[in-house]
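The block underneath contains the structure these notes are about, expressed in structure tokens.
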Amino acid sequence: MTDLRIKRTETAIQTTFVKLVNENGFESVTVTKIAEEAMINRLTFYKHYTDKYALAQTMIENFGQMYEQVIKKRLELSRENQSFKDILEVMTPELNTLFVNRQDELKALQSIQVGALTLNKRLEKIIGEYMPKIMKHEVPPFEKALLVALLVNILNYVIEEQHVPDYRELQQMLTDVQSII
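Counting in my numbering, the sequence shown tops out at residue 260, every number present.
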């Protein structure tokens, strides 16, 4: 079990990092600024992360793991042959917790690119991995590309608007997509 002091320090570092990224942009954030705002020593920061890029990568990966847990639950529900409406009803509180309640963190993470890693790319990868399992068949590349882009954009909407679309809204969107195409 992780020491409470370590958890508190990591929380302080991450909370401060999010605040600074949202206020000043990722490029302007320095370890010194994070340490000063979090009221820790720079060496304490370096005990947890090698640099701000490692911190960003860790936070993106951690969020990806949390999102993957939600997707796994979604997969379990679809295996139980529940209707989409019922699945959405069960999943909405978790989606709110994951996306709406973490809006500041997600806005900060969306603005960061660490090498080839971005939050959206991480979400795309997870969605792409689980899509055939949820749909119970191999998804053709064209369909997969469209669905992944659609789902990531829905998630971006949820983050920005702090609102998880309900069943009626999603049904209307699908109807509208059909009429456009």
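Even glycine gets a Cβ: it sits at the ideal position worked out from N, Cα and C.
Whole angstroms are fine: how far does the CA of Gly207 sit from the CA of Asn101?
When the Cα atoms are used, Asn101 and Gly207 turn out to be separated by approximately 29 Å.
Which residues does DSSP list as the beta-bridge partners of Thr197?
Partner(s): Gln192.
Distance between Phe105 and Ala187 (C-alpha atoms, nearest Å)
8 Å
Using CA atoms only, rank isn't needed, just tell me which of Ile139, Tyr236, Met138, Arg153 is closest to Val169.
Arg153
Touching by the beta-carbon criterion (3+ pairs, under 8 Å), the region 134 to 144 and the region 188 to 199
Yes: the two stretches touch, three or more of their Cβ pairs being nearer than 8 Å.
Specify the secondary structure class of Lys215 as computed by DSSP and reduced to three states.
coil
Taking the alpha-carbon of Lys126 as reference, which of Asn160, Thr88, Gln144, His242 has the nearest alpha-carbon?
Thr88
Quick check: the Cα distance between Val97 and Arg201, rounded to an integer number of angstroms?
So the two alpha carbons sit approximately 18 Å from each other.
DSSP-derived helix/strand/coil call for Gln251:
helix
Taking Cβ positions, are Ser258 and Ile213 nearer each other than 7 Å?
no
Please report the residue range of the alpha helix (DSSP H) in which His127 lies.
121 to 127
Lys215 versus Phe163: straight-line alpha-carbon distance, rounded:
15 Å
Would you call the CB atoms of Ile205 and Tyr146 closer than 7 Å?
Taking 7 Å as the Cβ cut-off, Ile205 and Tyr146 qualify as a contacting pair.
Could you tell me the distance, in whole angstroms, from the CA atom of Leu278 to the CA atom of Pro244?
Since the first and last residues shown for the chain are 80 and 260, residue 278 lies out of range.
Could you give the DSSP three-state label for Asp165: helix, strand or coil?
helix
Determine, using beta carbons only, whether Glu106 comes closer than 7 Å to chain C.
Absence of chain C from the displayed structure is noted, only one protein chain being present.
Distance between Glu116 and Thr95 (C-alpha atoms, nearest Å):
6 Å
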